[in-house]
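Student: Those protein sequence lines, which keep their order, are chains A and B.
In this text, residue positions in the first sequence follow the working numbering: the first is 1, and each later residue adds one.
In this text, residue positions in the second sequence follow the working numbering: the first is 1, and each later residue adds one.
Cβ atoms here follow ideal geometry from the backbone N, Cα and C, with glycine treated the same way.
One structure, as structure tokens, below. Some questions next.
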Amino acid sequence: MTEHEIFEHDVLVIGAGGAGLRAAIEASATGLRVGLVCKSMLGKAHTVMAEGGVAAALANVDDRDNWRVHFSDTMRGGQYINNWRMAEIHAKEAPERVRELEAWGAVFDRTKDGKILQRNFGGHKYPRLAHVGDRTGLEMIRTLQDHGIHQGIDVHMEVTVVLLLKDGNRVSGAVAYDRERGRFRVFHSKAVVLATGGIGRAFEITSNSWEYTGDGHSLAYHAGADLIDMEFIQFHPTGMVWPPSVRGILVTEGVRGEGGILQNSEGKRFMFEDIPDNYKDQTAAGPEEGWRYVLGDKEANRPPELLTRDHVARCIVREIKEGRGSPHGGVFLDIAWIKEKMKNAKDHIKKKLPSMYHQFKQLADIDITKEPMEVGPTTHYVMGGVRVDGDTQMSTVPGLFACGESGAGINGANRLGGNSLSDLLVLGKRAGEYAAKYASENGETSINNEEVEAAKLEALAPFDRQCDCSDGTYQIQYALQKSMQSQVGIVRKGDEMEKALEDIADLKQKAATVGVIGNREYNPGWHTALDLKSLLTVSEAVALSAIERKESRGAQFREDYQDKSEEWAKYNNVVRRGPDGSMQIERIPIPEMPQELQDIIKEMG
Amino acid sequence: MAETNFKIWRGDADGGDFQEYSTEVTEGMVVLDAVHQIQAESANDLACRWNCKAGKCGSCSAEVNGVPKLMCMTRLNDLPLDQGVNIQPMKTFPVIKDLTCDVSWNYRVKKRIKPFKPRKPDNEDGTWNINQDDIDRVQEFRKCIECFLCQDVCHVLREHQLHEEFIGPRALVYTAALEMHPLDTEDRLEDLKKADGIGYCNITKCCTHVCPEEITITDNAIIPLKERVVDRFYDPLVRLFNKLFGS
Ligand SMILES: Cc1cc2nc3c(=O)[nH]c(=O)nc-3n(C[C@H](O)[C@H](O)[C@H](O)COP(=O)(O)OP(=O)(O)OC[C@H]3O[C@@H](n4cnc5c(N)ncnc54)[C@H](O)[C@@H]3O)c2cc1C
Ligand code: SF4
Ligand code: SF4
Ligand code: FES
Numbered sequence: 001m002t003e004h005e006i007f008e009h010d011v012l013v014i015g016a017g018g019a020g021l022r023a024a025i026e027a028s029a030t031g032l033r034v035g036l037v038c039k040s041m042l043g044k045a046h047t048v049m050a051e052g053g054v055a056a057a058l059a060n061v062d063d064r065d066n067w068r069v070h071f072s073d074t075m076r077g078g079q080y081i082n083n084w085r086m087a088e089i090h091a092k093e094a095p096e097r098v099r100e101l102e103a104w105g106a107v108f109d110r111t112k113d114g115k116i117l118q119r120n121f122g123g124h125k126y127p128r129l130a131h132v133g134d135r136t137g138l139e140m141i142r143t144l145q146d147h148g149i150h151q152g153i154d155v156h157m158e159v160t161v162v163l164l165l166k167d168g169n170r171v172s173g174a175v176a177y178d179r180e181r182g183r184f185r186v187f188h189s190k191a192v193v194l195a196t197g198g199i200g201r202a203f204e205i206t207s208n209s210w211e212y213t214g215d216g217h218s219l220a221y222h223a224g225a226d227l228i229d230m231e232f233i234q235f236h237p238t239g240m241v242w243p244p245s246v247r248g249i250l251v252t253e254g255v256r257g258e259g260g261i262l263q264n265s266e267g268k269r270f271m272f273e274d275i276p277d278n279y280k281d282q283t284a285a286g287p288e289e290g291w292r293y294v295l296g297d298k299e300a301n302r303p304p305e306l307l308t309r310d311h312v313a314r315c316i317v318r319e320i321k322e323g324r325g326s327p328h329g330g331v332f333l334d335i336a337w338i339k340e341k342m343k344n345a346k347d348h349i350k351k352k353l354p355s356m357y358h359q360f361k362q363l364a365d366i367d368i369t370k371e372p373m374e375v376g377p378t379t380h381y382v383m384g385g386v387r388v389d390g391d392t393q394m395s396t397v398p399g400l401f402a403c404g405e406s407g408a409g410i411n412g413a414n415r416l417g418g419n420s421l422s423d424l425l426v427l428g429k430r431a432g433e434y435a436a437k438y439a440s441e442n443g444e445t446s447i448n449n450e451e452v453e454a455a456k457l458e459a460l461a462p463f464d465r466q467c468d469c470s471d472g473t474y475q476i477q478y479a480l481q482k483s484m485q486s487q488v489g490i491v492r493k494g495d496e497m498e499k500a501l502e503d504i505a506d507l508k509q510k511a512a513t514v515g516v517i518g519n520r521e522y523n524p525g526w527h528t529a530l531d532l533k534s535l536l537t538v539s540e541a542v543a544l545s546a547i548e549r550k551e552s553r554g555a556q557f558r559e560d561y562q563d564k565s566e567e568w569a570k571y572n573n574v575v576r577r578g579p580d581g582s583m584q585i586e587r588i589p590i591p592e593m594p595q596e597l598q599d600i601i602k603e604m605g
Numbered sequence: 001m002a003e004t005n006f007k008i009w010r011g012d013a014d015g016g017d018f019q020e021y022s023t024e025v026t027e028g029m030v031v032l033d034a035v036h037q038i039q040a041e042s043a044n045d046l047a048c049r050w051n052c053k054a055g056k057c058g059s060c061s062a063e064v065n066g067v068p069k070l071m072c073m074t075r076l077n078d079l080p081l082d083q084g085v086n087i088q089p090m091k092t093f094p095v096i097k098d099l100t101c102d103v104s105w106n107y108r109v110k111k112r113i114k115p116f117k118p119r120k121p122d123n124e125d126g127t128w129n130i131n132q133d134d135i136d137r138v139q140e141f142r143k144c145i146e147c148f149l150c151q152d153v154c155h156v157l158r159e160h161q162l163h164e165e166f167i168g169p170r171a172l173v174y175t176a177a178l179e180m181h182p183l184d185t186e187d188r189l190e191d192l193k194k195a196d197g198i199g200y201c202n203i204t205k206c207c208t209h210v211c212p213e214e215i216t217i218t219d220n221a222i223i224p225l226k227e228r229v230v231d232r233f234y235d236p237l238v239r240l241f242n243k244l245f246g247s
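Right under this line is the structure:
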């Protein structure tokens, strides 16, 4: 029997991005013992990469903004299948959560009168994103990290959770291994918060890191929790496309917020040609009005480049498919053109978009103050995730909470840029608060040792199998990524997705027999083999949900069902593990929105 | 481009050696791509850290041909490939395995530094008014991605191993960001002088040269902190003079 060490916490938080850190800070403020686990080192989670900003109706730049406008923008962006309660709470509480960061040491860019500066972003009616150049996520995670380390939280860095433990219906802890030494840790707790981020690694072209294998989604699923909205994957319109090694790396929407325009190979600003009806009266009539909007003219409407991501991504795909793409299979994104309008354009771009400047200069030999970038869609964010209660963030499993990208509901069919960083703060705080409450109101749990031993055996099994390095765990991952990218990507068709499900079934068998070389010390081959289980689980959930939703809405575009259906406006898809262990899907009706919120949506048009 | 030879250090705390690998290098590749390719083709258990692949997370630090670098931002076509590429872990920290090392010391050092302590809010809604001009410097320091390359290159830590006496350039940048934060009211000068050992820095500027975020570590962070320490502790004459003649 392999040994393990046991750690006792009242609340265990899995994931140390913005959501997990915020949850841990909140839970530890109640005096409970809080453990925080993460796969990477502290401060390296995905949140660090976020660029553009955090959305909150502070109304520092445009005093017409308030939570009601933010709420209605979020619902419109999500095509009204969002969890309206979460969207309401998010819009109301985001300003307070952002201001709180300042009290913890964050240093946001300023307005002339010394307040937090806000910038334009897609789908937001007014300039709403508090930011620090184009490294907002770094500022946020560092602030939370530097504050968090003084709150008495026990941090377990480079530790990966592989199983949630249960005591009856209730969650009671987790089994994990440390990446450095490969030793097992068992966490015993009264409540667990999942904040494990997204699933982008299931696709070939992605802005996401190795961590994004959907572990939290999969852990929750295997523990019996519901997943919701899994068909909705956000393909960000602007990822790098050249050179091949940087394909998928994000180019922040902030570029367009600062005036960047999209052009095809004929030099045409194609976004003006396809403006959805429900955004017509919010979109600029021509380039001149669009530029005035960028400059802050309150009378002007936003340029079409700032339409929602799902729509912009599809327009780009259309241009490429119809032969008007750039040399390396993207389109052009040009910020350099603003020099026609501004004297100090070069310095302005460098000041506002320093890391974009750096990234293109160093990785693609392109000076964005002089020439356009080539960009194309990249898998970026998952709207779907663990189904939770709108007020408490508790999942359908008692004691199990979820927040951040691994939680779901707030974004509906499409997330607005900037709403993730704010959702991490607002819902992360709530998850921590209610997990602590749950832990203090409910008694001890016990741990099932058989489950622990079985999990350890399963984790170690790959060492006992034959391994061929060049046809092993990495190749299974690549095959899955290819299948998902080409068959469950931006443009979907029922039969192709059925084929993807078959691929997933095949790859599951392969993954169950894959071997690894080496020993348990810091062995990425082994880690990747264990991550496959999560990747395959979430991929299946995505494909299954996408097949079920026979319409196009938000991020889901189906070639075989190109229109939005009124019927589907009433439902969310839920996926859960059936009694026989197979994945089951159910349509659940969206609860009716209170009159007060309906009125807001009507009023905002 | 073509097949290129790589020498990658493989081993753990008990020792190790360079091993040779060869892989195909194509246009635009960075060192981290080559490491990943080798990992997937022939060395599944080759350990290295990374997250963002875009110079934003500070995970992939290593020494490439002897120079501390982010592997994800080091283009292969900037290196003399005909001579092969040498990759090894940072030297200043204990190795865990292959290209990963134990940087936990940096986290312990940071925890020791007195945290941010803001003055009372300026406004009733709990907010402050801050001028952009007053935070430009602090924002420069806050660009730090904690890659610890500056710690790796600093001779006080690298050659003299004075980890107990000296907190190193990264932690000094962190302290400077706090000390120069317009809202902060904490006093860290005594710590800087004693526990943090700022006096050990002899301004060689090696840290500034390796910083991938181009933070002017020495001139903008360390020297001003040194001046503050000197003003407080070493110059009673100046202090007396100022007191008498009120400059
Ligand atoms: C390049 C880029 C730019 C972005 N820009 C913006 C932006 O400008 N505005 C915005 O609002 N959003 C942006 N986003 C989206 C946003 O950054 C993410 O959605 C958000 O940071 C997710 O935060 P999180 O706390 O949920 O998870 P993360 O920050 O990803 O953290 C996940 C944590 O879970 C841990 N973890 C995962 N699995 C396990 C496991 N099995 N065991 C233990 N720990 C585990 C990880 O180690 C990590 O610590 C951007 C995303 C990317 C990729
Ligand atoms: S300037 Fe000081 S801190 Fe920087 S490398 Fe030299 S001695 Fe070290
Ligand atoms: S100061 Fe620069 S070199 Fe040092 S850790 Fe920060 S980013 Fe890295
Ligand atoms: S992988 Fe993030 S800095 Fe290199």
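Under 7 angstroms between C-beta atoms, does residue 56 of chain B make it to chain A?
Tutor: Translated into positions along the second sequence, residue 56 of chain B becomes position 56. Chain A, which has a Cβ nearer than 7 angstroms to the Cβ of residue 56 of chain B, makes this yes.
Student: With a cut-off of 7 angstroms, does the C-beta of residue 521 of chain A fall near any C-beta of chain B?
Tutor: Here residue 521 of chain A is taken as the residue at index 521 of the first sequence, counted from 1. Closer than 7 angstroms to some Cβ of chain B, the Cβ of residue 521 of chain A qualifies, so yes.
Student: Give the interface partners of residue 177 of chain A over in chain B, defined as CB-CB distance under 8 angstroms, in chain order.
Tutor: The sequence position of residue 177 of chain A within the first sequence is 177, counting from 1. Residues of chain B with a Cβ closer than 8 angstroms to the Cβ of residue 177 of chain A do not exist, since the nearest Cβ in that chain sits about 15 angstroms away.
Student: Can you list the residues of chain B that residue 252 of chain A reaches, using a CB-CB cut of under 7 angstroms?
Tutor: For this step, residue 252 of chain A is matched to residue 252 along the first sequence. The premise fails here: residue 252 of chain A is roughly 11 angstroms from chain B at the closest Cβ pair, so nothing lies under 7 angstroms.
Student: The alpha helix (DSSP H) spanning residue 9 of chain B covers which residue range?
Tutor: For the purposes of this step, residue 9 of chain B is taken as residue 9 along the second sequence, with counting starting at 1. Where residue 9 of chain B is concerned, there is no enclosing alpha helix (DSSP H), although the beta strand (DSSP E) it sits in stretches over 3-12.
Student: Going along the chain, which unbroken runs of the alpha helix (DSSP H) with 4 or more residues stay wholly within the stretch 472-507 of chain A?
Tutor: 473-487
Student: If residue 576 of chain A sits next to residue 226 of chain A, beta carbons under 8 angstroms apart, how far is it from one beta carbon to the other, in whole angstroms?
Tutor: Counted from its first residue, the first sequence places residue 576 of chain A at position 576. Counted from its first residue, the first sequence places residue 226 of chain A at position 226. 5 angstroms between Cβ atoms; contact.
Student: Does ligand 4 have a heavy atom nearer than 6 angstroms to the CB of residue 58 of chain B?
Tutor: For the purposes of this step, residue 58 of chain B is taken as the residue at position 58 of the second sequence. Yes; taking the cut-off as 6 angstroms, the Cβ of residue 58 of chain B has a heavy atom of ligand 4 nearer than that.
Student: Rounding to the nearest angstrom, what Cα-Cα distance links residue 454 of chain A and residue 462 of chain A in this structure?
Tutor: On the first sequence, position 454 is the one that residue 454 of chain A refers to. On the first sequence, position 462 is the one that residue 462 of chain A refers to. The straight-line gap from Cα to Cα measures roughly 14 angstroms.
Student: At the 7 angstroms Cβ level, is residue 182 of chain A part of the contact set with chain B, yes or no?
Tutor: In the first sequence, the residue the question calls residue 182 of chain A occupies position 182. Not one chain B Cβ lies under 7 angstroms of residue 182 of chain A.
Student: Hey, would you say the C-beta of residue 306 of chain A is under 6 angstroms away from at least one heavy atom of ligand 1?
Tutor: Start at 1 with the first residue of the first sequence, and residue 306 of chain A comes out as number 306. No, the beta carbon of residue 306 of chain A sits no closer than 6 angstroms to any heavy atom of ligand 1.
Student: If the cut is a Cβ gap below 7 angstroms, which residues of chain A does residue 221 of chain B touch?
Tutor: Position 221 of the second sequence, counted from the first residue, corresponds to residue 221 of chain B. Ordered by position in chain A, no residue passes the 7 angstroms Cβ test against residue 221 of chain B, which lies about 15 angstroms from the chain.
Student: Is the beta carbon of residue 327 of chain B less than 7 angstroms from the beta carbon of residue 185 of chain B?
Tutor: Because chain B spans 1 through 247 in this model, residue 327 of chain B falls outside it and cannot be assessed.
Student: Assuming the contact rule is C-beta atoms closer than 8 angstroms, residue 37 of chain A and residue 176 of chain A should be a hit. Round their C-beta distance to whole Å, please.
Tutor: If you number the first sequence from 1, residue 37 of chain A lands on position 37. If you number the first sequence from 1, residue 176 of chain A lands on position 176. So it is a contact: roughly 6 angstroms between Cβ atoms.
Student: Please list, in chain order, the chain B residues whose beta carbon lies closer than 9 angstroms to that of residue 547 of chain A.
Tutor: Mapped onto the first sequence, residue 547 of chain A falls at position 547. Ordered by position in chain B, no residue passes the 9 angstroms Cβ test against residue 547 of chain A, which lies about 31 angstroms from the chain.
Student: The alpha helix (DSSP H) with residue 449 of chain A in it runs from where to where?
Tutor: Translated into the one-based positions of the first sequence, residue 449 of chain A becomes position 449. That run of the alpha helix (DSSP H) goes 449-460.
Student: Measure the alpha-carbon distance for residue 274 of chain A versus residue 169 of chain A and round it to whole angstroms.
Tutor: Translated into positions along the first sequence, residue 274 of chain A becomes position 274. Translated into positions along the first sequence, residue 169 of chain A becomes position 169. Those two C-alpha atoms are separated by around 50 angstroms.
Student: For ligand 4, is there a heavy atom less than 6 angstroms away from the beta-carbon of residue 106 of chain B?
Tutor: The sequence position of residue 106 of chain B within the second sequence is 106, counting from 1. Outside the cutoff, so no.
Student: Does the beta carbon of residue 131 of chain B come closer than 7 angstroms to any beta carbon on chain A?
Tutor: Taking the first residue of the second sequence as position 1, residue 131 of chain B is located at position 131. Closer than 7 angstroms to some Cβ of chain A, the Cβ of residue 131 of chain B qualifies, so yes.
Student: Counting only Cβ pairs nearer than 9 angstroms, list the residues of chain A close to residue 181 of chain B.
Tutor: For the purposes of this step, residue 181 of chain B is taken as the residue at position 181 of the second sequence. In chain order, 105, 107 make up the part of chain A whose C-beta sits under 9 angstroms from the C-beta of residue 181 of chain B.
Student: From A:8, A:293, A:532, pick the residue whose C-alpha is nearest to that of residue 511 of chain A; which is it?
Tutor: The residue labelled residue 511 of chain A in the question sits at position 511 within the first sequence. Considering only alpha carbons, the answer is A:532.
Student: Listed in chain order, which residues of the stretch 128-139 of chain A have Cβ atoms closer than 9 angstroms to some Cβ of chain B?
Tutor: 132, 133, 135, 137, 138, 139
Student: If you follow the alpha helix (DSSP H) that residue 107 of chain B is in, where does it begin and where does it stop?
Tutor: Indexing the second sequence from 1 puts residue 107 of chain B at position 107. Per DSSP, residue 107 of chain B belongs to the alpha helix (DSSP H) from 104-112.
Student: Taking only the alpha-carbon atoms, compute the straight-line gap between residue 590 of chain A and residue 566 of chain A and give it to the nearest angstrom.
Tutor: For this step, residue 590 of chain A is matched to residue 590 along the first sequence. For this step, residue 566 of chain A is matched to residue 566 along the first sequence. Their backbone Cα atoms lie some 13 angstroms apart in a straight line.
Student: Measure the C-alpha to C-alpha separation of residue 365 of chain A and residue 551 of chain A and round it to an integer number of angstroms.
Tutor: Taking the first residue of the first sequence as position 1, residue 365 of chain A is located at position 365. Taking the first residue of the first sequence as position 1, residue 551 of chain A is located at position 551. Spanning the two alpha carbons is a distance of roughly 42 angstroms.
Student: Determine the burial state of residue 247 of chain B: buried for a count of at least 16 other Cβ atoms within 10 Å of its Cβ, exposed for fewer.
Tutor: Indexing the second sequence from 1 puts residue 247 of chain B at position 247. Bear in mind that a pLDDT of 46 at residue 247 of chain B, under 50, signals an unreliable position, so the number given afterwards is only what the model happens to contain. Residue 247 of chain B comes out exposed.
Student: With the cut-off set at 7 angstroms, would you say residue 42 of chain A and residue 157 of chain A are in Cβ contact?
Tutor: Taking the first residue of the first sequence as 1, we reach residue 42 of chain A at position 42. Taking the first residue of the first sequence as 1, we reach residue 157 of chain A at position 157. A contact, by the Cβ cut-off of 7 angstroms.
Student: Output yes if chain B places a C-beta closer than 7 angstroms to the C-beta of residue 328 of chain A; else output no.
Tutor: Here residue 328 of chain A is taken as the residue at index 328 of the first sequence, counted from 1. No, its Cβ sits nowhere closer than 7 angstroms to a Cβ of chain B.
Student: Taking only beta-carbon atoms, is residue 34 of chain A less than 7 angstroms away from chain B?
Tutor: Taking the first sequence and counting its residues from 1, one reaches residue 34 of chain A at position 34. Closer than 7 angstroms: no.
Student: Distance, Cα to Cα, residue 476 of chain A vs residue 129 of chain B?
Tutor: Here residue 476 of chain A refers to the residue found at position 476 of the first sequence. Here residue 129 of chain B refers to the residue found at position 129 of the second sequence. Taking the straight line joining both Cα atoms gives about 54 angstroms.
Student: What three-state label does DSSP hand residue 162 of chain B in the structure shown?
Tutor: The count along the second sequence starts at 1 and reaches residue 162 of chain B at position 162. For residue 162 of chain B, the three-state secondary structure derived from DSSP is coil.
Student: In or out: residue 407 of chain A buried (at least 16 other Cβ within 10 Å) or exposed?
Tutor: Here residue 407 of chain A is taken as the residue at index 407 of the first sequence, counted from 1. Buried, by the Cβ-count rule.
Student: Any heavy atom of ligand 4 closer than 6 angstroms to the CB of residue 363 of chain A?
Tutor: Looking up residue 363 of chain A in the first sequence gives position 363. It does not: the Cβ of residue 363 of chain A is nowhere closer than 6 angstroms to a heavy atom of ligand 4.
Student: Find out if the Cβ-Cβ distance for the pair residue 349 of chain A, residue 360 of chain A is shorter than 7 angstroms.
Tutor: Position 349 of the first sequence, counted from the start, is the residue given in the question as residue 349 of chain A. Position 360 of the first sequence, counted from the start, is the residue given in the question as residue 360 of chain A. For residue 349 of chain A and residue 360 of chain A, no; Cβs fall outside 7 angstroms.
Student: Determine, using beta carbons only, whether residue 62 of chain B and residue 71 of chain B come nearer to each other than 7 angstroms.
Tutor: Taking the second sequence and counting its residues from 1, one reaches residue 62 of chain B at position 62. Taking the second sequence and counting its residues from 1, one reaches residue 71 of chain B at position 71. Yes. Within cutoff.
Student: Does the distance between the C-beta of residue 54 of chain A and the nearest non-hydrogen atom of ligand 3 fall short of 6 angstroms?
Tutor: Residue mapping note: residue 54 of chain A aligns to position 54 of the first sequence, counting from 1. Result no, Cβ not under 6 angstroms from ligand 3.
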